[in-house]
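Per our numbering, the sequence shown runs over residues 64 to 142.
Worksheet: one structure, shown below.
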Amino acid sequence: MFFHIGGYVTIPLKQIVAIIDGNTNELTKKNKLFLEKNKKREKFVVIAENDIKSYVVTTDKVYGSPISSLTLKRRAQLI
């Protein structure tokens with residue numbers, strides 16, 4: 064089963080590890096550090112440059128999604 068996370072990006076549902084809210088003011092220090100490390104390793108994919116509402120963590124990459132974490136959660140529950 065595939066999961067649409069914004070733009071033209073779909074990923075296999077079984078690869079999703081976590082969905083993190085994109086509000087940078089509410090991210091913990093550990094989450095910020097995790098995101099920065101993945102950006103440096105070039106394992107960070109931005110779907111919509113100035114419109115990141117959530118981060119989708121998969122087994123091999125982190126995606127900056129323009130779709131809110133709440134909407135993504137609802138989509139996942141429908142599948």
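The C-beta atom is built at its ideal place from N, Cα and C for all residues, glycine as well.
Spatial distance of residue i from residue j (CA atoms)
i: E130; j: K103; result: The amino acid occupying residue 130 in the given sequence is Ile; Glu does not appear at that position. Their Cα atoms are separated by approximately 23 Å.
i: G127; j: I83; result: 10 Å
i: F66; j: L98; result: 21 Å
i: K100; j: T87; result: 15 Å
i: D123; j: K106; result: 7 Å
i: P75; j: M64; result: 6 Å
Pick from the options that is closest to residue i, judged by C-alpha positions
i: I110; options: N94, G85, R137 and K95; result: G85
i: K136; options: V72, I79, Y71 and G70; result: I79
i: E89; options: S117, G69, V72 and T121; result: S117
Residue span of the alpha helix (DSSP H) that contains residue i, given as start and end
i: T134; result: S132 to L141
First and last residue of the uninterrupted beta strand (DSSP E) at residue i
i: T121; result: S117 to T121
Subject >> Runs of alpha helix (DSSP H) wholly within the stretch 64-115 (minimum 4 residues, chain order) >> reply: 92-103
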